[in-house]
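Quick mapping for you: the protein sequence lines, in order, are chains H and A.
Going left to right, the first sequence walks through residues 7 to 219 as the numbering used here numbers them.
Going left to right, the second sequence walks through residues 7 to 219 as the numbering used here numbers them.
Glycine included, C-beta positions come from ideal geometry on N, C-alpha and C.
What follows is a short report on a single structure.
2 protein chains.
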Amino acid sequence: MTDPPRARAPRRDAAANREALIEAARVLLNEDPETSLDTIATAAGLTRRAVYGHFPSRNTLLAELAERGAARVAAAVARATSDDPVVDVALLGRLVWDEIEHVRAMTRMVVHGPLRERIGPALGLIHERLVGDAARAAELGTGRGDLPPEVVAHLIEGAAFTVLDESTRAGLSRVEGRRLVILAGLSALGLSWREAQAVLDTHRALLDEEAQR
Amino acid sequence: MTDPPRARAPRRDAAANREALIEAARVLLNEDPETSLDTIATAAGLTRRAVYGHFPSRNTLLAELAERGAARVAAAVARATSDDPVVDVALLGRLVWDEIEHVRAMTRMVVHGPLRERIGPALGLIHERLVGDAARAAELGTGRGDLPPEVVAHLIEGAAFTVLDESTRAGLSRVEGRRLVILAGLSALGLSWREAQAVLDTHRALLDEEAQR
DNA sequence: GCCATCTTGCACAACCATGTGCAAGATCAC
DNA sequence: GTGATCTTGCACATGGTTGTGCAAGATGGC
Numbered sequence: 007m008t009d010p011p012r013a014r015a016p017r018r019d020a021a022a023n024r025e026a027l028i029e030a031a032r033v034l035l036n037e038d039p040e041t042s043l044d045t046i047a048t049a050a051g052l053t054r055r056a057v058y059g060h061f062p063s064r065n066t067l068l069a070e071l072a073e074r075g076a077a078r079v080a081a082a083v084a085r086a087t088s089d090d091p092v093v094d095v096a097l098l099g100r101l102v103w104d105e106i107e108h109v110r111a112m113t114r115m116v117v118h119g120p121l122r123e124r125i126g127p128a129l130g131l132i133h134e135r136l137v138g139d140a141a142r143a144a145e146l147g148t149g150r151g152d153l154p155p156e157v158v159a160h161l162i163e164g165a166a167f168t169v170l171d172e173s174t175r176a177g178l179s180r181v182e183g184r185r186l187v188i189l190a191g192l193s194a195l196g197l198s199w200r201e202a203q204a205v206l207d208t209h210r211a212l213l214d215e216e217a218q219r
Numbered sequence: 007m008t009d010p011p012r013a014r015a016p017r018r019d020a021a022a023n024r025e026a027l028i029e030a031a032r033v034l035l036n037e038d039p040e041t042s043l044d045t046i047a048t049a050a051g052l053t054r055r056a057v058y059g060h061f062p063s064r065n066t067l068l069a070e071l072a073e074r075g076a077a078r079v080a081a082a083v084a085r086a087t088s089d090d091p092v093v094d095v096a097l098l099g100r101l102v103w104d105e106i107e108h109v110r111a112m113t114r115m116v117v118h119g120p121l122r123e124r125i126g127p128a129l130g131l132i133h134e135r136l137v138g139d140a141a142r143a144a145e146l147g148t149g150r151g152d153l154p155p156e157v158v159a160h161l162i163e164g165a166a167f168t169v170l171d172e173s174t175r176a177g178l179s180r181v182e183g184r185r186l187v188i189l190a191g192l193s194a195l196g197l198s199w200r201e202a203q204a205v206l207d208t209h210r211a212l213l214d215e216e217a218q219r
């Protein structure tokens, strides 16, 4: 199980370079999801060749990046829950948003690309919670009862992606994005815009900085 | 202005082949937006080499395909209007949906890719109409007043794309897709799910086959 | 049937990626 | 300082794409 005894400890700068690569990838893939390894390596202050000293393939690097993000999202999602399904949808929107709004393009790429399976668990967590919320909200009569919970969950998720795009286009601030993702999500859940606004008014913490810490 | 006198009329099969290419591109690009020219040509019963007898470049072919689609959508959109902005949004959803539900992937690719400028006019038509509807609906109090009309229009458009995905995933029929795109659009406009349903109940023609002919 | 009009088949250039091999150098641990 | 641990720089293989050139063949117009 343990590695064969090393003659010497690994160099510290190597670990730093590895991080630099991941960080550069995060930034660049966000601007262009198809950025080449060469571009990423250069941005990290390395050569393309050196990358292969840290990752066996380009895809491995992307996978690690995706999994780190997924872990962060999963942790965030576990941070808070609400018994009221409507509030829970809003809460979920806020929690996820704070984790992904700065990696918009990456999110699109990972969720809708072949790397999706790498982040399945985190996605599943969110999805199942949304499905549950949609079902309970429908029972309570506070959420839409005209569509299957599964479909409603997809609509909410889709609305979040729309807000990601809109956020880029309009240059929304973090808080504006939060508000929009919550409003769009609640609309998809079937609330009228006044009802959605009422939820925000009642639960001010949804928009507060670091409210759920 | 007139072409230099031809020694002879162009061959009929050539024109047919040109159409076959476009048709094959339509079908294949729908399954995979990055299908190669070779694949398209073969599917059309031609060689890759022959394609260059009809189109100077791959992009030219895509552009023609996109422009044809845009023209169809623009024509459809002009087919009907409603004075009630809420109904107009539903109507728009239905009209556009019927034109694009069978070219889902293409739509995504064209709207969000570099070919977008080729279809600017058609897109602009829809967008402006949605913005107008959102503004009027907000004034009337039937649509959301918490977001700028511009943003509301984007939410509605985004909802339509979400339904495109959902339609593929769940294998929705044409009519089911219509219903869903309308419901999702009206939700984005700020209606509660019961209000949206009421719109559908009042305007049965929205779901009828060939209602707006 | 003639001949212009496509179409084919093949070769080729160019581009742009990823991934490897290897020798020489820089850097850090000890 | 010594030596293992990275990093570089280069060459090269591989695989994919688009776009061209050109001769030979098939097809349809007149």
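Self-check item: Three-state secondary structure (DSSP) of Thr87(A)
Solution: Along the second sequence, one-based indexing puts residue 87(A) at 81. In this structure, Thr87(A) counts as coil in the three-state DSSP scheme.
Practice problem: Just confirm the distance between the C-beta atoms of Gly99(A) and Gly164(H), as a whole number of angstroms; I'd bet it's less than 8 Å. | Solution: Reading the second sequence from its first residue, position 93 is the one you call residue 99(A). Reading the first sequence from its first residue, position 158 is the one you call residue 164(H). About 15 Å; that fails the 8 Å criterion.
Quiz prompt | Three-way DSSP call (helix, strand, coil) for Glu172(H) in this model | solution = Position 166 of the first sequence holds residue 172(H). It is helical.
Quiz prompt | Pair within 7 Å by beta-carbon distance, Ala128(A) and Val93(A) | solution = Here residue 128(A) refers to the residue found at position 122 of the second sequence. Here residue 93(A) refers to the residue found at position 87 of the second sequence. No, they are not a contact pair.
Self-check item: His133(H), enclosing alpha helix (DSSP H) - first and last residue
Solution: The residue you call residue 133(H) lines up with position 127 of the first sequence. Start and end: Gly126 to Leu146.
Practice problem: Check the Cβ of Ser173(H) against every Cβ in chain A and list those closer than 9 Å, keeping chain order. | Solution: As a working note, residue 173(H) is residue 167 in the first sequence. Result: empty, since nearest Cβ-Cβ is about 10 Å, beyond 9 Å.
Exercise. Could you tell me whether the Cβ atoms of Leu213(A) and Arg180(A) are closer together than 7 Å?
Key: On the second sequence, residue 213(A) is found 207 positions in, with the first residue counted as 1. On the second sequence, residue 180(A) is found 174 positions in, with the first residue counted as 1. No. Outside cutoff.
Quiz item: Which chain A residues sit within Cβ distance under 7 Å of Leu71(H)?
Solution: In the first sequence, residue 71(H) corresponds to position 65, counting from 1. The contacting residues do not exist; Leu71(H) stays about 23 Å from chain A at best.
Self-check item: Whole-angstrom C-beta distance between Leu71(A) and Ala50(A), which should lie under 8 Å
Solution: Locating residue 50(A) in the second sequence gives position 44, counting from the first residue. Locating residue 71(A) in the second sequence gives position 65, counting from the first residue. In this structure Ala50(A) is not in contact with Leu71(A), their Cβ atoms being roughly 13 Å apart against a cut-off of 8 Å.
Quiz item: If you measure from the beta carbon of Trp103(H) to each beta carbon in chain A, is any gap under 7 Å?
Solution: As a position in the first sequence, residue 103(H) is number 97, starting the count at 1. Chain A contact via Cβ: absent.
Self-check item: Bounding residues of the alpha helix (DSSP H) (the contiguous stretch that carries Arg180(H))
Solution: Position 174 of the first sequence holds residue 180(H). Looking at the DSSP string, the run of the alpha helix (DSSP H) that includes Arg180(H) is Arg180 to Leu195.
Exercise. Starting from Glu29(A), follow the alpha helix (DSSP H) in both directions and report where the run begins and ends.
Key: Taking the first residue of the second sequence as position 1, residue 29(A) is located at position 23. Note, Glu29(A): alpha helix (DSSP H), Arg18 to Glu37.
Quiz item: Is it true that the stretch 50-64 of chain A meets the stretch 134-143 of chain A, where meeting means three or more beta-carbon pairs spaced less than 8 Å apart?
Solution: no
Quiz prompt | C-beta contact flag for Leu206(H) and Gly149(H) at 7 Å | solution = Along the first sequence, one-based indexing puts residue 206(H) at 200. Along the first sequence, one-based indexing puts residue 149(H) at 143. No, the pair does not count as a contact, with Cβ atoms beyond the cut-off.
Practice problem: Determine which residues of the stretch 185-213 of chain A have a Cβ less than 7 Å from any Cβ of chain H, and write them out in chain order. | Solution: Leu189, Ala190, Ser193, Ala194, Gly196, Leu197, Ser198, Trp199, Glu201 and Gln203
Quiz item: DSSP three-state call for Arg74(A): helix, strand or coil?
Solution: Taking the second sequence and counting its residues from 1, the one referred to as residue 74(A) is at position 68. Residue state, collapsed to three classes: helix.
Exercise. Could you tell me how far apart the beta carbons of Asp44(H) and Arg54(H) are, in whole angstroms, since I believe they sit closer than 8 Å?
Key: For the purposes of this step, residue 44(H) is identified with residue 38 of the first sequence, where counting begins at 1. For the purposes of this step, residue 54(H) is identified with residue 48 of the first sequence, where counting begins at 1. Yes, Asp44(H) and Arg54(H) are in contact; Cβ-Cβ is about 4 Å, under 8 Å.
Self-check item: Cβ neighbours of Val169(A) in the same chain (closer than 7 Å, five flanking residues each side left out)
Solution: Walking along the second sequence from the start, residue 169(A) turns up at place 163. Excluding positions up to five away in sequence, the list reads Gly183, Leu186, Val187 and Ala190.
Quiz prompt | Spatial distance of Thr41(H) from Leu34(H) (CA atoms) | solution = On the first sequence, position 35 is the one that residue 41(H) refers to. On the first sequence, position 28 is the one that residue 34(H) refers to. Those two C-alpha atoms are separated by around 7 Å.
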